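There are 2 protein chains.
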Amino acid sequence: MQTFFRYNWKIREEWYTWCENVSEEELLSQRTGGMESILKTFFHIVDVEWSWIRLLKGKEDFQEDFEQFNSLDKVKALDAKFRPEVEAYVDAWEPAMDRRPLVLPQEDGSVELLAAGEVMRHVIAHQIHHIGQLSVWSRELGLKPVSPNLIGHSLIKPER
Amino acid sequence: MQTFFRYNWKIREEWYTWCENVSEEELLSQRTGGMESILKTFFHIVDVEWSWIRLLKGKEDFQEDFEQFNSLDKVKALDAKFRPEVEAYVDAWEPAMDRRPLVLPQEDGSVELLAAGEVMRHVIAHQIHHIGQLSVWSRELGLKPVSPNLIGHSLIKPER
């Protein structure tokens with residue numbers, strides 16, 4: 000689990016660097032699919048990651064609006080603010096926690112019962128999916144996207 | 000690891016069903032980014048998944064060309080042909096295999112040394128990334144993409 004989160008954070012940092020060479024107008028420009036803008040995608044990734052970890056911890060969720068975080072610096076600052084709490088939870092994660100129940104009350108009064116291991120993997124897949132969308136928008140802008148390769152980052156050291 | 004592969008196979012099946020409602024012309028039409036067509040993306044996902052598993056098993060790689068698999072039925076048949084071997088490897092996967100070395104000879108005579116756990120996660124992230132690209136192309140076609148949610152598929156049963 001830790002390997003995938005470290006991968007996602009590394010790729011996210013590389014995309015933030017990519018964003019530095021793109022105008023704020025393009026970062027906020029409305030596009031087809033996904034979260035409809037590059038910056039809103041990053042806000043959404045950061046928001047969703049933190050919100051699920053908060054729920055897994057039995058804490059309150061984040062209720063802020065993108066309008067308050069509509070610049071690269073603001074999104075990066077939000078990410079940096081949330082990261083220590085997310086990282087601490089991820090680092091403490093153990094496979095034995097996979098089936099730990101998460102009870103989510105629904106608006107209709109029913110409850111949804113999830114397993115913590117599903118939620119963690121959902122958060123991982125969530126970012127990777129949105130990054131795939133960014134890669135298409137990047138090509139539409141005529142720009143080379145960040146490589147999504149997981150190999151080549153020395154995330155796991157092979158035995159010798 | 001098994002959970003992510005099962006998720007990817009489930010989402011892939013849902014996309015194959017989605018494809019049934021799209022003309023072959025649209026499935027083969029050239030698009031911006033990624034593998035440049037919807038069907039080629041699925042061929043690539045199936046090819047890459049199988050090829051890496053073959054390498055992990057120390058077996059020969061797949062060298063076929065997309066031109067021989069340029070219809071939905073052909074890609075699905077290829078996927079069905081490869082799946083049992085991939086599934087057997089995935090089912091037999093254990094966390095203790097994470098650091099098992101994979102030596103990849105490079106064209107310049109050097110070797111790249113990877114860890115099997117990196118390769119498995121690379122294969123997982125590879126599909127999710129490409130599915131993200133499909134979701135943008137789907138919206139560009141005015142069609143609702145398959146939901147990429149990992150939760151809601153009962154992939155892990157919560158303790159009660």
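These protein sequence lines are chains A and B, in that order. Quick note on numbering that gives the first Met the number 0: the first sequence kicks off at 0 and runs consecutively. Quick note on numbering that gives the first Met the number 0: the second sequence kicks off at 0 and runs consecutively. Cβ coordinates follow ideal geometry from the N, Cα and C atoms, glycine included. The model shown is predicted, which means the values in this text are computed figures rather than measured ones.
By a C-beta neighbour count over all protein chains shown, 10 Å radius and 16 as the cutoff for buried, is residue i buried or exposed?
i, result
"Leu26 (chain A)", "buried"
"Asp78 (chain B)", "buried"
"Phe61 (chain B)", "exposed"
"Lys156 (chain A)", "exposed"
"Asn7 (chain A)", "buried"
"Gly33 (chain A)", "buried"
"Gln126 (chain A)", "buried"
"Lys56 (chain A)", "exposed"
"Gly151 (chain B)", "exposed"
"Ala115 (chain A)", "buried"
"Asp97 (chain B)", "buried"
"Val135 (chain B)", "buried"
"Ser22 (chain B)", "exposed"
"Ser36 (chain A)", "buried"
"Val89 (chain A)", "buried"
Which stretch, first to last residue, makes up the alpha helix (DSSP H) that contains residue i?
i, result
"Glu24 (chain B)", "23-27"
"Val122 (chain B)", "115-139"
"Lys9 (chain A)", "1-18"
"Ser50 (chain A)", "37-55"
"Val145 (chain A)", "Here Val145 (chain A) belongs to no alpha helix (DSSP H), and DSSP marks it neither H nor E."
"Pro94 (chain A)", "Premise fails: Pro94 (chain A) is in no alpha helix (DSSP H) and is neither H nor E."
"Glu84 (chain A)", "71-90"
What residue does the beta strand (DSSP E) around residue i start on, and which one ends it?
i, result
"Pro104 (chain A)", "100-104"
"Leu154 (chain B)", "Neither: Leu154 (chain B) is in no beta strand (DSSP E) and is coded neither H nor E."
Measure from the alpha carbon of residue i to the alpha carbon of each residue in the options, then state which is nearest.
i, options, result
"Arg159 (chain A)", "B:Ile130, B:Arg99, B:Pro144", "B:Arg99"
"Arg53 (chain A)", "A:Ala87, A:Phe65, A:Pro94, A:Met34", "A:Ala87"
"Asp46 (chain A)", "A:Val85, A:Gln29, A:Tyr15, A:Pro94", "A:Val85"
"Glu139 (chain B)", "B:Glu24, B:Lys58, B:Arg30", "B:Arg30"
"Ser146 (chain B)", "A:Ser22, A:Met0, A:Ala124, A:Ala95", "A:Ala124"
"Ile44 (chain A)", "A:Ala95, A:Lys58, A:Gln132", "A:Gln132"
"Met0 (chain A)", "A:Val118, A:Glu13, A:His129", "A:Val118"
"Gly141 (chain B)", "B:Asn20, B:Glu13, B:Lys9", "B:Asn20"
"Glu63 (chain B)", "B:Trp51, B:Leu71, B:Phe42, B:Ser70", "B:Phe42"
"Leu38 (chain B)", "B:Glu59, B:Lys58, B:Ser70, B:Lys9", "B:Ser70"
"Asp72 (chain B)", "B:Cys18, B:Gln105, B:Thr2", "B:Cys18"
Considering only the beta carbon of each residue, do residue i and residue j sit closer than 7 Å?
i, j, result
"Phe81 (chain B)", "Trp49 (chain B)", "yes"
"Val102 (chain A)", "Leu112 (chain A)", "yes"
"Ser153 (chain A)", "Pro144 (chain A)", "no"
"His129 (chain A)", "Thr40 (chain A)", "yes"
"Arg120 (chain B)", "Leu149 (chain A)", "yes"
"Phe65 (chain A)", "Val74 (chain A)", "no"
Exercise. Pull out every residue of the stretch 89-113 of chain B whose Cβ sits closer than 8 Å to any Cβ of chain A, in chain order.
Key: Pro94, Asp97, Arg98, Arg99, Pro100, Leu101, Leu112, Leu113
Quiz item: At a Cβ cut of 7 Å, what residues of the stretch 28-53 of chain B count as close to chain A, listed as they run along the chain?
Solution: Listed in sequence order: Thr31, Gly32, Gly33.
Practice problem: Taking only beta carbons into account, state which residues of the stretch 128-142 of chain A come closer than 9 Å to chain B, listed in chain order. | Solution: For the stretch 128-142 of chain A, the residues whose beta carbon sits under 9 Å from a beta carbon of chain B are, in order, His128, His129, Ile130, Gly131, Gln132, Leu133, Ser134, Val135, Trp136, Ser137, Arg138, Glu139.
Practice problem: Can you give me, in chain order, the residues of the stretch 1-27 of chain A that have a beta carbon less than 8 Å from any beta carbon in chain B? | Solution: Thr2, Phe3, Tyr6
Quiz item: If contact means a Cβ-Cβ distance below 7 Å, which residues of the stretch 58-73 of chain A contact chain B?
Solution: none
Quiz item: Taking Cβ-Cβ distances below 9 Å as the criterion, which residues of the stretch 114-125 of chain A are in contact with chain B?
Solution: Of all residues in the stretch 114-125 of chain A, those with a C-beta nearer than 9 Å to a C-beta of chain B are Ala114, Ala115, Gly116, Glu117, Val118, Arg120, His121, Val122, Ile123, Ala124, His125, reading in chain order.
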